[in-house]
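Undergrad:
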Amino acid sequence: MGVVPNTLLGELFPANVKSKAAAVATIFFAIASFSVNKVYPSVPNYTMFAFFALTNLIAAIFTWLYVIETKGKSFSEIQQLLHKQK
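When we follow our numbering, the leftmost residue of the sequence shown carries the number 40, and every step to the right adds one.
Given below as structure tokens:
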């Protein structure tokens with residue numbers, strides 16, 4: 040997913056929880072990066088390619104279905120859209 044989650048942090052969370060959300064996301068990505076670096080050398084290349092391809096496919100489907108479009112919207116409009124989805 041690259042920088043997409045970090046970009047969304049700035050747009051989806053109010054200021055009072057933005058730092059906590061960023062901390063949780065950073066910890067999650069650090070654990071994921073550590074895990075990938077430990078597992079990668081022991082797995083054949085085609086298996087890792089298939090794993091990353093599947094992970095990216097799932098992330099793309101999740102993004103398409105659940106992540107709202109924020110372009111051209113104010114923070115209050117984004118918050119209203121998020122509250123409607125609950």
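Note that beta-carbon positions come from the ideal geometry of N, C-alpha and C, so glycine has one too.
Given this structure, state the Cα-to-Cα distance separating Val78 from Thr86, to the nearest angstrom.
TA: Near 11 angstroms, if we compare the C-alpha coordinates of Thr86 and Val78.
Undergrad: For the alpha helix (DSSP H) holding Phe52, just list the boundary residues, first then last.
TA: Here Phe52 belongs to no alpha helix (DSSP H), and DSSP marks it neither H nor E.
Undergrad: From Lys112 to Leu120, what does the alpha carbon distance come to, in whole angstroms?
TA: So the alpha carbons of these two residues sit roughly 10 angstroms apart.
Undergrad: Would you mind sorting Phe52 into buried or exposed? The rule is 16 or more other CB atoms within 10 Å of its CB.
TA: It is buried - the Cβ of Phe52 has at least 16 other Cβ atoms within 10 Å.
Undergrad: Just reading off the alpha helix (DSSP H) that Thr109 is part of, what are its end residues?
TA: Counting along the chain, Thr109 falls outside any alpha helix (DSSP H), and DSSP gives it neither H nor E.
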